[in-house]
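Participant:
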Amino acid sequence: MYSLNDASALALLILLLVPGWLLAKEGVSGAVELEMGYGHDSNVSVDDVELSTSLGDSYRDLGVGADIHFEPVEGLDLGASLNLADKRYSTFDEFDGRLSLVSLSADKDLHGYSLGSSLRYVDYHLDGDAFLELFQFAPTISWFPSTRIYIRLGYERSHERFPQAVGRNNDQDQFDGSVYYFVNGLRHYWMVRLSVLRDSADDQVFSNDSREARLVYHREFTFFDRDTQIEVSYRFQNRRYDEGLEPSIRQYREDSRARFEIRGNYPVSKQLELELRALNADNRSNLNSADYVQNLVQLTLRYVMPF
691 MYSLNDASAL ALLILLLVPG WLLAKEGVSG AVELEMGYGH DSNVSVDDVE
741 LSTSLGDSYR DLGVGADIHF EPVEGLDLGA SLNLADKRYS TFDEFDGRLS
791 LVSLSADKDL HGYSLGSSLR YVDYHLDGDA FLELFQFAPT ISWFPSTRIY
841 IRLGYERSHE RFPQAVGRNN DQDQFDGSVY YFVNGLRHYW MVRLSVLRDS
891 ADDQVFSNDS REARLVYHRE FTFFDRDTQI EVSYRFQNRR YDEGLEPSIR
941 QYREDSRARF EIRGNYPVSK QLELELRALN ADNRSNLNSA DYVQNLVQLT
991 LRYVMPF
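If you read the sequence shown in my numbering, its first letter stands for residue 691, the second for the next number, and so on.
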């Protein structure tokens, strides 16, 4: 069960201490989301610490989320959200995870451009112990150069802290650019995203530079009189660890990671949605513990309550 950690407490203050008069104003919207998932993972692993079992297991995934948006003036959107998730494996309970995510955002339309910024805090516990804490600031700018094309440029500054492995503590700088091509608005589009990231860790052996490309195809269609969505994505990432030799192999580590994923969403009712997700991850590395293939399938039932 959840304990009230720092992330949960901060988010509850943000979301629950909103004055009642604010919720009565125009321009305020929000939702509470509950979800329950069940899946099977062919290779239970933790990417952040190159930990892989090479064995499969089933799991259940429970989550709750809440978000609120306020538009104090036209063209300005302020938002706050909280997401909590609890993942439990049937056999490998040492891989059980608990996630808390708090996010604050602000978006402003200005002369045809959208300027955005967000602050995020992530607290992740593995097997009941503090595993990862992340702080992130991410400004963005986006615009429509034409009716069918949308461009988004972003920067992320992150700080990760690993209480049980302090040498992995790091600062990250990431630049990314996305181009959307809308065939039929949000019902049918393509997206291409390119990003570069610099990860500077306290222990140089974990510092790395990465390059990533992602391609997404999104399509919405009518199925049994319901607007059903399907999304297919492919992501390829290359990481080079050039600052410190990996002691176990006496070489500079290099990874290449490819992920193919399919998601399908079917609205059972106005507020209830069924999602099927399947992915294949092919992680290649000259470090054996980071070299593995993973297949995952998950079915999720999601209930959304707008307010």
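Ideal Cβ positions, reconstructed from N, Cα and C, are used throughout, including at glycine.
In this text, all values refer to a predicted model and were calculated from it rather than measured experimentally.
1. Which residues mark the beginning and the end of the beta strand (DSSP E) in which L789 is found?
2. What would DSSP say about E764, mapped onto helix, strand or coil?
3. Does DSSP put S836 in a helix, in a strand, or in coil?
4. Hey, is the region 867–884 in contact with the region 905–913, meaning 3+ C-beta pairs nearer than 8 Å?
5. How would you write the range of the beta strand (DSSP E) that D892 sits in, first residue to last?
6. May I ask you to report which of helix, strand or coil DSSP gives G857?
7. Does the region 724–732 come into contact with the region 741–750, if we say contact requires no fewer than three beta-carbon pairs (one atom in each stretch) closer than 8 Å?
8. Going by DSSP, what residue range makes up the beta strand (DSSP E) through Y811?
9. The beta strand (DSSP E) that contains N955, what's its start and end?
10. If contact is defined by three or more beta carbon pairs under 8 Å, each pair taking one atom from either stretch, is the region 976–986 in contact with the region 953–963?
11. Does the beta-carbon of E963 have 16 or more other beta-carbons within 10 angstroms, so that it is buried, or is it exposed?
12. If the criterion is Cβ atoms closer than 8 Å, does the pair H759 and S793 meet it?
13. Is L745 buried or exposed, if buried means 16 or more other CB atoms sit within 10 Å of its CB?
14. Judging by CA-CA distance, which residue of Q854, G769, S832 is the nearest neighbour of G717?
15. Between which two residues does the beta strand (DSSP E) harbouring S975 extend?
16. What residue from L816, D786, R847, K777 has the CA that sits closest to S808's CA?
17. Would you call the CB atoms of R929 and S900 closer than 8 Å?
18. Mind checking R945: buried by the 16 CB within 10 Å criterion, or exposed?
19. What are the partner residues of L772, as DSSP defines its beta bridges?
20. Run through DSSP, which three-state label would V882 get?
21. Taking all protein chains shown into account, decide if L816 is buried (16 or more other Cβ within 10 angstroms of its Cβ) or exposed.
22. Taking only three categories from DSSP, how would you classify D737?
23. Residues bridged to Y779 by DSSP?
24. Can you give me the C-alpha to C-alpha distance between F821 and D813, rounded to a whole angstrom?
25. Roughly how many whole angstroms lie between the Cα atoms of S890 and F896?
26. Assign S868 to one of three DSSP states: helix, strand, or coil.
27. Measure the Cβ-Cβ separation of Q927 and R953 and say whether it is below 8 Å.
28. Give me the Cα-Cα distance between E784 and V763, rounded to the nearest whole angstrom.
29. Would you call G787 buried or exposed, if buried means 16 or more other Cβ atoms sit within 10 Å of its Cβ?
30. How about L969 and F950: are their beta carbons less than 8 Å apart?
31. Quick one: residues in its chain with C-beta nearer than 6 Å to the C-beta of S771, no 5 flanking neighbours on either side, listed in chain order?
32. Ends of the beta strand (DSSP E) at T743?
33. For S923, which three-state DSSP category applies?
Facilitator: Looking at the atomic coordinates:
1. 787–800
2. Correct three-state label for E764: coil.
3. Shown here, S836 sits in coil according to DSSP, grouped into three states, outside any helix or strand.
4. With contact defined as three or more Cβ pairs closer than 8 Å, the region 867–884 and the region 905–913 are in contact.
5. Unbroken run through D892: none, as it is neither H nor E.
6. helix
7. yes
8. 803–816
9. 944–957
10. These segments do not touch.
11. Result: buried.
12. no
13. exposed
14. G769
15. DSSP places S975 inside the beta strand (DSSP E), whose first and last residues are 962–975.
16. R847
17. yes
18. Looking at the sequence provided, one finds Asp at residue 945 rather than Arg. Buried is the call here.
19. A756, V792
20. strand
21. In the assembly as shown, L816 is a buried residue. Its beta-carbon has 16 or more other beta-carbons within 10 Å.
22. helix
23. Y749
24. 8 Å
25. Those two C-alpha atoms are separated by around 8 Å.
26. Strand, per DSSP.
27. no
28. In a straight line, the C-alpha of E784 is about 49 Å away from that of V763.
29. buried
30. yes
31. Excluding positions up to five away in sequence, the list reads D757, S793.
32. Secondary structure note for T743: it is in no beta strand (DSSP E), with a DSSP letter that is neither H nor E.
33. strand
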